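First residue of the sequence shown: 11, per the working numbering; consecutive thereafter.
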Amino acid sequence: MTAPNRNTLWAESIVSELVANGVTAVCVAPGSRSTPLTVAVATHPEIELFSHLDERSAAFFALGRGRRTGEPTALICTSGTATANFHPAVMEANEGRVPLLVLTADRPPELHDSGANQTTAQHRVYGDAVRYDRTLPEPEASARKLRSLRVTVSRAVGETTGTPPGPVHLNVPFRKPLEPTPVEGDVPEDFEQQYPLAANGRDGPFVERTVGESQLSDQQVDSLTTAIDRADRGLIVCGPATGPTPAPAALAALAEQTGFPVLADPLSGHRFGAHTESIPVCGGYDSYLDGCEWPDPDLVVRFGASPTSKNLRKYLAGTDARQLLVDPAGGWREAEFTATDLVEAAPTPLAMALADRPLSPGLDSYRKRFTEMERRYWETVESACAAKWFEGAILNHVAELLPDPSTCFVSNSMPVRDLDRFGKPASDEITVLGNRGVSGIDGIVSTALGAGSATGEPLVLVLGDLAFYHDMNGLLALQRCGVDATIVLIDNDGGGIFHKLPISQFDPPFTEQFLTPHGLDFTPVAELYGFEFTVATGAEPFIDLFEASVGSAGTQVISVRTDSAESHEVREQLHERILDERETVRVGDSV
């Protein structure tokens, strides 16, 4: 059937090409100029459509889906400020290496620089934050133009899922009529018969993209093998990643072959999983490596982004170890600038290649330092969390109580740091996610709900009151997008993380300008967005409410009211206990 007008033909071609390239989900924010695109996705039988009223929430929702699946969700908005509301999520997708496909509708060229309503410069509006940026030609029933359009869409999908993955932007100008209104002569009746390739595309992507992995030569692998084999004291550090990097089986094989302990960030995909039963996966390093005077490692193999733990970053920077940064895109993600080697290679094949080489394991005494300290660390933490109800204990309980399998999203500021320090490694299949690309607290609710929409697993979100406040608009997705969640709201009435900074010693202005107490009661939000709101007053009530929530349908917010200054003091006291405990670890002093 012939399209009623050129805009409809253009938009349907874009959407059909997205689907041909594997895009199955689209987030749409309503608007007039984007009407052709919205109608095209709404009527396509293979598109799962998520409708959002707020562009910022829509963008973070799509980001969350990309984090959880590794596949792009497309975004559609109208022209003007709507495009700018996508920008925070685009920035996070760029730095966090998350696939995201942005489609912004635009006014026709003659309306630019004319004072026309809702018109602004949208070409390259996201600057260097996108992998690929094109303003499309104006719609026309032209075979060559349509073939060009399909090539551009295919390339955009390929770029968003490339190495490294990240956001892409297609700016799509339309002139009226925007609705599927018949326009005589706009699309010739026989256009499809005359130009079937342009009108219908191919059986599959218009451009098949074949991408190889960056792999080292045998000689290069042998060189790294020699370095590893010579190391008596070695470590494997796994930082935040969109998915487990390298794959768990490859990490386990490398750790078993080398004997190196694995220091696993909670966002690495390696803090939890079956591999933790066969290799030494450490999670207490943020405390016991602070100012550590143990013998330096000879060699550190690093995967993923820079670790969440500042103490771990400073520890690595203070060693004389040879540090191998493994990155498939050849990116430099180490801001202390002390690493010695950049290894541009796909992490999983490299880990397997190294594990297949004959290697002499490192000193058993060095490994035992970490395993013994881990044992003592978690005994001390669990004792402290049982004795005192504070913010770190909340994350400790969450990590222990998460269903197997489940998805847990942790906010920036203190929740991710508390999970890093208090989330004990476990064999349960837990996917932990967070926005550590640019580490904002905006869009946290929406990102988590987007991740939850992409899986049938229970979804748990842990966030602070400021992050909750920042993205209350995102809560509308619970009903509109059919997502259930257990939301743990740590309400300490302000920005508790600032207690960790030197400015906390200067009050004023500390309380009013940094801690920023707001005095809000979030209870009425439950009625507005249609979920249950409960308050946990201690460990036992929290455990009961949490277990009931993850085992039931619907969404429940479990609010835990805490004192940020008191929690900070407990963390510091526990940290001192750990450092005292570290001084008693004397395994293998000869190393």
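Glycine included, each C-beta is placed from N, C-alpha and C at the ideal position. These figures come from a predicted structure and were not determined experimentally.
Close-in-space but distant-in-sequence residues of the same chain around residue i (CB under 6 Å, 5 per side omitted)
i	result
ALA365	ALA263, LEU264 and GLN267
THR255	PHE313, GLY314 and PRO357
ASP143	ARG134 and HIS179
GLU105	GLY447 and VAL448
GLN132	THR93, THR114, ASP116 and ASN181
THR173	PRO338 and ALA339
GLY540	GLN489
HIS585	SER297
ASP501	ASP475, SER569 and ARG571
ARG386	GLU591
ASP503	PRO527
GLY506	MET424 and SER574
LEU352	LEU335
GLN348	Before going further, note that residue 348 is Thr rather than Gln in the sequence given. Cβ within range, chain order: ALA327.
Contact set for residue i: own chain, Cβ-Cβ below 7 Å, skip 5 residues either direction
i	result
ALA575	HIS509
ALA331	ASP306, PRO307, ASP308, LEU309 and VAL310
ALA257	THR358
GLU65	ALA39, CYS87, ALA92, ASN95 and PHE96
LYS398	VAL580
THR45	LEU188 and GLU189
Which listed residue (the options) has its alpha carbon closest to that of residue i
i	options	result
PRO177	LEU121, LEU113, LEU19 and PHE201	LEU113
CYS87	GLY283, SER61, GLY492 and PHE541	SER61
LEU156	ARG16, LEU373 and ASP300	ARG16
THR417	THR465, ARG427, GLY450 and THR381	THR465
ASN445	GLU439, VAL455 and SER437	VAL455
VAL33	ALA153, THR171 and PRO118	THR171
GLN566	ASP573, LEU555 and THR572	LEU555
GLU218	LEU326, ASN31 and ALA549	ASN31
LEU411	GLU401, GLU199 and ALA436	ALA436
TYR10	ALA259, ARG154, SER124 and SER514	Residue 10 lies beyond the range of the chain shown here (11 to 601); nothing can be said about it.
GLU591	ASP438, GLU22, PRO338 and GLU382	GLU382
ARG571	GLU401, PRO147 and GLU150	GLU401
ARG243	LEU226, GLN225 and PHE270	PHE270
GLY301	VAL291, ARG323, GLU384 and THR348	ARG323
GLU150	VAL231, GLY211 and ALA13	ALA13
ASP430	ASP351, THR457, LEU59 and ARG281	ARG281
PHE552	ASP517, ILE404 and PHE419	ILE404
PHE70	GLY484, THR496, VAL560 and GLU522	GLY484
ALA259	ALA549, GLY341 and GLY283	GLY283
GLU346	MET362, ALA355, TYR325 and LEU360	TYR325
Beta-ladder partner(s) of residue i, from DSSP
i	result
GLU202	Note: GLU202 sits in no beta bridge, so no partner.
PRO177	LEU110
ARG219	Its beta-bridge partners do not exist; DSSP assigns none.
GLN566	THR496 and GLU542
ARG144	LEU180
ASP501	ARG571
ARG212	GLY214
ALA151	According to DSSP, which records beta bridges pairwise, ALA151 is partnered with nothing at all.
ALA436	PHE282
Cutoff 8 Å; reference residue i; Cβ partners in own chain excluding five residues on either side
i	result
ARG587	THR390 and ALA394
SER600	In this predicted model, SER600 has a pLDDT of only 42, less than 50, meaning its place in the structure is not dependable; the value taken from the coordinates is given anyway. Within the same chain, SER600 has close Cβ partners SER375.
ALA536	GLU542, PHE543 and VAL567
VAL108	LEU73, GLY76, ARG77, GLU102, PRO175, GLY176, PRO177, THR252 and GLY447
LEU207	ALA153 and ARG157
ALA563	ASP494
PRO290	ALA265, PRO271, VAL272, ARG377, PHE380, THR381 and GLU384
Start-to-end residues for the beta strand (DSSP E) that takes in residue i
i	result
LEU121	Where LEU121 is concerned, there is no enclosing beta strand (DSSP E), given that its DSSP letter is neither H nor E.
LEU334	332-337
VAL442	440-443
LEU85	84-87
For residue i, the first and last residue of its enclosing alpha helix (DSSP H)
i	result
ASP554	549-560
ASN95	91-95
GLN489	487-490
TYR479	475-480
LYS320	320-327
At 4 residues or longer, and completely inside the region 445-473: list those alpha helix (DSSP H) runs for me, N to C.
454-463
If you scan the region 232-317 from start to end, which runs of the beta strand (DSSP E) of 3 or more residues do you find wholly inside it?
244-248, 272-274 and 309-313
Residue ranges of each alpha helix (DSSP H) within the region 31-81, 4 or longer:
45-52 and 65-79
Tell me the start and end of each unbroken beta strand (DSSP E) in the region 352-434 that is at least 3 residues and wholly inside, in chain order.
416-420
Segments of 3+ residues assigned as beta strand (DSSP E) that fall wholly inside the region 509-536
none
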